[in-house]
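Visitor:
Chains as they are written, first to last, in my numbering: chain Y, 4 to 604; chain S, 4 to 604.
1) Once the 5 residues before and after residue 354 of chain S are set aside, which same chain residues still bring their CB inside 8 Å of it?
2) Going by DSSP in three states, residue 167 of chain S sits in which element: helix, strand or coil?
3) Can you tell me whether DSSP reads residue 433 of chain S as helix, strand or coil?
4) Could you tell me the distance, in whole angstroms, from the CA atom of residue 116 of chain Y to the CA atom of residue 212 of chain Y?
5) Is it true that the CB of residue 404 of chain S sits closer than 8 Å to the CB of residue 570 of chain S?
6) Could you round the C-beta distance between residue 35 of chain Y and residue 24 of chain Y to whole angstroms and report it? I think they count as a contact, below 8 Å.
7) Does any CB atom of chain S fall closer than 8 Å to the CB of residue 2 of chain Y?
8) Using beta carbons (cut-off 8 Å, strictly below), is residue 595 of chain S in contact with chain Y?
9) Counting only runs that start and end within the segment 114-160 of chain S, where is the alpha helix (DSSP H) found for 4 or more residues in a row?
10) Determine, for residue 89 of chain Y, whether the minimum Cβ-Cβ distance to residues of chain S falls below 8 Å.
11) Taking C-beta pairs closer than 7 Å, name the residues in chain S that residue 3 of chain Y reaches, listed in chain order.
12) Go ahead and pull the three-state DSSP assignment for residue 342 of chain S.
13) Locate the beta strand (DSSP E) running through residue 97 of chain Y, then write down its first and last residues.
14) Kindly list the residues whose CB is nearer than 8 Å to the CB of residue 463 of chain Y, restricted to its own chain and excluding five residues on each side of it in sequence; keep chain order.
15) If you measure beta-carbon to beta-carbon, which residues of the segment 100-114 of chain Y are closer than 7 Å to chain S?
16) Residues of chain S with CB closer than 7 Å to the CB of residue 85 of chain Y, please, in chain order.
17) State buried or exposed for residue 237 of chain S, treating a residue as buried only when at least 16 other CB atoms are found within 10 Å of its CB.
18) When you measure from the CB of residue 217 of chain Y to every non-hydrogen atom of the ligand HEM, does any distance come out below 7 Å?
19) According to the neighbour-count rule (16 or more other Cβ atoms, all chains shown, within 10 Å of its Cβ), is residue 430 of chain Y buried or exposed?
20) DSSP three-state label for residue 54 of chain Y, please.
21) When the Cα atoms are used, what is the spatial distance from residue 538 of chain S to residue 509 of chain S?
22) Cβ closer than 8 Å: which chain S residues qualify as neighbours of residue 485 of chain Y?
23) Using 8 Å as the limit for Cβ to Cβ distance, is residue 192 of chain S near chain Y?
24) Are there 16 or more other CB atoms within 10 angstroms of the CB of residue 114 of chain Y, so buried, or fewer, so exposed?
25) Are the C-beta atoms of residue 584 of chain Y and some chain S residue less than 8 Å apart?
26) Going along the segment 285-313 of chain Y in order, which residues come within less than 8 Å of chain S, judged by CB to CB distance?
27) Select from Y:332, Y:328, Y:19 and Y:290 the residue whose C-alpha is nearest the C-alpha of residue 319 of chain Y.
28) Cutting at 8 Å between CB atoms, please list the residues of its own chain near residue 50 of chain S, excluding the five before and the five after it.
29) Along the chain, where does the alpha helix (DSSP H) containing residue 311 of chain Y start, and where does it finish?
30) Three-state secondary structure (DSSP) at residue 353 of chain S?
31) Mind checking the segment 327-342 of chain Y against chain S and listing, in chain order, the residues whose C-beta falls within less than 8 Å of any C-beta there?
32) Using three-state DSSP, classify residue 244 of chain Y as helix, strand or coil.
33) Can you tell me the Cβ-Cβ gap for residue 598 of chain S and residue 591 of chain S, rounded? I've got them flagged as a contact below 8 Å.
34) Would you mind reading off the limits of the beta strand (DSSP E) that contains residue 76 of chain S?
35) In angstroms with no decimal places, state the Cα-to-Cα distance between residue 561 of chain S and residue 547 of chain S.
36) Since residue 327 of chain S is in the alpha helix (DSSP H), which residue starts that stretch and which ends it?
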């Protein structure tokens, strides 16, 4: 997954390209590069590592060229290196491209081009594109792009410059995002809105199979055949300030602290004496024979939570499947299926592909997204938004808890539509409303979690265990820890420990156990005691009234309906991961190998 | 699987028979029995349960007879009981036999014998042999044996005594082991070397279709036609414990090596041009609205495999849930539910509790067990048996692959009952039949896996990745590794890697990737390349035709239907875990913290 930018105008292009790449660094930071179009030839500069390295390189000279393209890379093919960095250029340095996406059939194209005497300098899939363009280009770049994109299998957002037309940027897109914008004197594009927002608040989201021609002050969108398409820009009410750290050392800390507020925002006008969700009022639950929950990573854990509630309340079979498995699996989706997609960015490639497949089969589709006008939200029948605001830290915190909150409301709404009477409905609704205060009170427990996190200082491993809904929380707790602190953390069903994983427990091993679900708490306590017998150092997160003398470290969540206990428990687990990472000196916001939004398979 | 012994000499036979049975108890311990040839008649003593019970019975008197046969039983047909115990005798108590193996066509032989007025006392397949011998015996036992064995379909190792020749033991063998030995004053035989080793170290392993005549101090081997065969004994250099492990250093190695045989036994009389599973013929699939697969640990992985096949073939919602979660979950089980329980021991506490709960709700219940008359098999409506024989090593190997084999047959049978046409049915059936040979060929790849396992020597972690059915295999591969080598191994959906776990990959991290499912192999290869870009040391287990230049260590499984690829892949992963544990000096058979059968929550 990468981020790309492009600019053409009556002023120097580099400032836009660099500020844009900076805003897009959340999409990857293995290497970065730019091409600037100069009448003397195309100037290309690249650097391995973070954007800072490229900036240093570029600071050595003055670059006043008025058109260019830029790229920040998250390696998918080939190691992060200078040669594998974008932009890629053709042999006589007359065409330069940046690409975001994956070309699946690059090997066969590469072999074909090699037979035509093309020489490859990188291990990337992207390099085939520039040589293929070179092969087909005869002075008409749109003609060449049409030809080339017809050969490409996979996904791409593509920006192309040529020496023949130094003031023109050519753009093409399929399954990777591309946002266009312009001023009176310039036109530009990038992979995401924040890269454009300092220049314009009116944006065009290019659609799949479309192309565009950018010239100073002008944008022309074309369809697959090259016919002009009339597109109106939309206004984005985006607040750039929101992306600042607001006094916190890291974005993750800021985002953890924002949770009471963003949960409140997410619940705003959603809840009175019942759930207000007019978007779903027309959903005929009696026609629904199966529910599928589809998502990736943290959003998949949120979906597991929703699945649990659904199984408690609805008599419809409900299945939660990782999107990467779902899209290649044989699920009997049809017009009687309700498919629910959860994605913070709304751009997650596997989730998006699964959504498209379900639409084709005429399923009812609901999306839960955090980003307005994202690809997933544009395609789903209905999108319900978490109001978490921009999440910059790669490890999701506020997006996850707002997903849990919104999904609890959605499942209650589905139960109401299915005319199911939910046990303890009033208590549940009361506790949902009180979530912002409950979460606020959890933030005060940070010192305690910081102390517990110090247990991991010398540890390489951690094991999370829980039953029923606690299993969802331990999955997320373990993911958070491994994402940012590189502690090898894993989550197990407490009852499955004895069937193998307990072999890993030795003197001093840290076990994080959850017992917030009172009806199975005593079973989990038994499992915990078995790990203590093998020397485990156990931290227990528990509901009031759950008791064990043998566990040295215990922390209690406030009284709350057990179906909502995931939320306060998750705050503790976020703090645990955060402080473990900080103690170990890890980069909390930009963990190695990870990108914020996974827009490739 | 059973164990048999026989002795004829100038000294009492009983001491040899009993010490031999003791050494063979690993082959089964449901019941035991002996026949001793006395001029007054054949004396037969049996006892249900372990050998100790028989010894107590025999201690009541002194038995000085100089010829006899003995048996320790692992029930396959008929519950463990006195009547079903061996030896079996004819009506006038002049012939007694012990049998190890399975007679596939015993039903039709039994019907024929019943028409000849023969009365049967047991539910065993073995009893037909003694009556058939009685029918054909006219004073020449070799002639009778030739006739009888020509009728038997299946496997047998057979010892026969007659009152007519009190000092002679007749032996016949096909596909079940039979080891012969002698001293100057005695001759004897047994199912395995350990039973002989205290008496001689020179042994003869009888070959298929051969017969033998034992007299004190003499052994005569005959071919199928009754012609004498000249056989030279071989010297066995190993000690007793090693002998019990059949020359293998550990039980796990022995059990891995047994897989071709036990899979063959499991498939015996189950498969012709369709699946033979009369136990399920009365199951009304049209009444089934939901299927639940319930199990723990390794058996849970086998159930995930069955779930996958079920989703491909059946249009009924199917869910696989760990037993510890199922029993406390809110699953709408009723008389329209089919619940399938998998447990090697048949005693797993959580699985048993879940079974009882499902029975109470009037669900249809099927068990897959390896131990006859176990608690689960007694309670389930129907039990289908894996014929893995006793599994001694705590980490399951042959029990798992026989579960996979039997579950594949069960799911095919359910598809047939549901009148579903299975795509590529003939190919699938062909490949199921060929599993024993396929697995045999995998055993030859041990050296390669041993080399790969050495990569873990300095490693604390390992990551297993795969998609679709490969995900089941990586779950089991990771469990095996952590169970016996204490390497912190975990399995991830390949497509989920980028959503967090890839943060754990660093220079030299060992990643075991599976790509046996061709339709998603290229996606997995992309994910693998992402880990390589971060320094991972990848071992790829792949199907023929799957290709990547970038992966240094690749091993190919034979051409096989993708739905069966789990089986050969699992053999490799077993070997990988085994050799990793051996290199690290771990106790392979009895890993720390684990027990063979988990009979508590």
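Glycine included, every Cβ here is placed at the ideal spot set by N, Cα and C.
Guide: With the structure as the only source:
1) Taking the first residue of the second chain as 1, we reach residue 354 of chain S at position 351. Excluding residues within five positions, the ones whose Cβ falls inside 8 Å are 297, 298, 299, 302, 326, 344, 345, 346 and 379.
2) The residue labelled residue 167 of chain S in the question sits at position 164 within the second chain. Reduced to three states, the DSSP call for residue 167 of chain S is coil.
3) Position 430 of the second chain, counted from the first residue, corresponds to residue 433 of chain S. DSSP places residue 433 of chain S in helix when its eight states are reduced to three.
4) The count along the first chain starts at 1 and reaches residue 116 of chain Y at position 113. The count along the first chain starts at 1 and reaches residue 212 of chain Y at position 209. Near 24 Å, if we compare the C-alpha coordinates of residue 212 of chain Y and residue 116 of chain Y.
5) Here residue 570 of chain S refers to the residue found at position 567 of the second chain. Here residue 404 of chain S refers to the residue found at position 401 of the second chain. In contact: residue 570 of chain S and residue 404 of chain S (Cβ atoms closer than 8 Å).
6) Here residue 35 of chain Y refers to the residue found at position 32 when the first chain is read from its first residue. Here residue 24 of chain Y refers to the residue found at position 21 when the first chain is read from its first residue. About 6 Å; that satisfies the 8 Å criterion.
7) Residue coverage of chain Y in this structure runs from 4 to 604, which leaves residue 2 of chain Y outside it and unanswerable.
8) By 1-based counting over the second chain, the position of residue 595 of chain S is 592. Closer than 8 Å: yes.
9) 130-139 and 144-154
10) Along the first chain, read from residue 1 onward, the residue named residue 89 of chain Y stands at position 86. Output row for residue 89 of chain Y: interface = no.
11) Beyond the ends of chain Y as shown, which are 4 and 604, falls residue 3 of chain Y; an answer cannot be given.
12) As a first step, residue 342 of chain S must be located in the second chain, where it is residue number 339. Correct three-state label for residue 342 of chain S: strand.
13) Taking the first residue of the first chain as 1, we reach residue 97 of chain Y at position 94. Careful: residue 97 of chain Y lies outside any beta strand (DSSP E) and carries neither H nor E.
14) If you number the first chain from 1, residue 463 of chain Y lands on position 460. Once the five neighbours on either side are set aside, the close Cβ partners of residue 463 of chain Y are 490 and 491.
15) 105 and 107
16) Position 82 of the first chain, counted from the start, is the residue given in the question as residue 85 of chain Y. Correct list: empty, because the minimum Cβ distance to chain S is about 14 Å.
17) One-based indexing of the second chain puts residue 237 of chain S at position 234. It counts as exposed.
18) In the structure on display, the ligand HEM does not appear, and there are no ligands present to speak of.
19) Stepping through the first chain from its first residue, residue 430 of chain Y is reached at position 427. Residue 430 of chain Y comes out exposed.
20) Start at 1 with the first residue of the first chain, and residue 54 of chain Y comes out as number 51. Helix.
21) Within the second chain, residue 538 of chain S is the residue found at index 535, counting from 1. Within the second chain, residue 509 of chain S is the residue found at index 506, counting from 1. Each residue's Cα considered, the two are about 6 Å apart.
22) Counted from its first residue, the first chain places residue 485 of chain Y at position 482. Neighbours of residue 485 of chain Y on chain S, chain order: 503, 504, 506 and 507.
23) To locate residue 192 of chain S, count along the second chain from 1; it is residue 189. By this cut-off, residue 192 of chain S is not an interface position.
24) Taking the first residue of the first chain as position 1, residue 114 of chain Y is located at position 111. Per the 10 Å Cβ criterion, exposed.
25) Counting from one through the first chain, the residue named residue 584 of chain Y turns up at place 581. Chain S, which has no Cβ nearer than 8 Å to the Cβ of residue 584 of chain Y, makes this no.
26) 293, 299, 300, 301 and 303
27) Walking along the first chain from the start, residue 319 of chain Y turns up at place 316. When only C-alpha atoms are compared, the closest one is Y:290.
28) Here residue 50 of chain S refers to the residue found at position 47 when the second chain is read from its first residue. Cβ neighbours of residue 50 of chain S beyond the five flanking positions: 34, 35, 36, 56, 57, 59, 60, 85 and 88.
29) For the purposes of this step, residue 311 of chain Y is identified with residue 308 of the first chain, where counting begins at 1. Note, residue 311 of chain Y: alpha helix (DSSP H), 300-316.
30) Taking the first residue of the second chain as 1, we reach residue 353 of chain S at position 350. In this structure, residue 353 of chain S counts as helix in the three-state DSSP scheme.
31) 327, 328, 331, 332, 333, 334 and 335
32) Translated into positions along the first chain, residue 244 of chain Y becomes position 241. Because the pLDDT at residue 244 of chain Y is just 48, under 50, the model does not fix this residue reliably, and the point stays unresolved.
33) For the purposes of this step, residue 598 of chain S is taken as the residue at position 595 of the second chain. For the purposes of this step, residue 591 of chain S is taken as the residue at position 588 of the second chain. 15 Å between Cβ atoms; not a contact.
34) The count along the second chain starts at 1 and reaches residue 76 of chain S at position 73. First-last of the beta strand (DSSP E) with residue 76 of chain S: 70-76.
35) Residue mapping note: residue 561 of chain S aligns to position 558 of the second chain, counting from 1. Residue mapping note: residue 547 of chain S aligns to position 544 of the second chain, counting from 1. Computed Cα separation, rounded: 7 Å.
36) Locating residue 327 of chain S in the second chain gives position 324, where the first residue counts as 1. Run containing residue 327 of chain S: 326-329, per the alpha helix (DSSP H) assignment.
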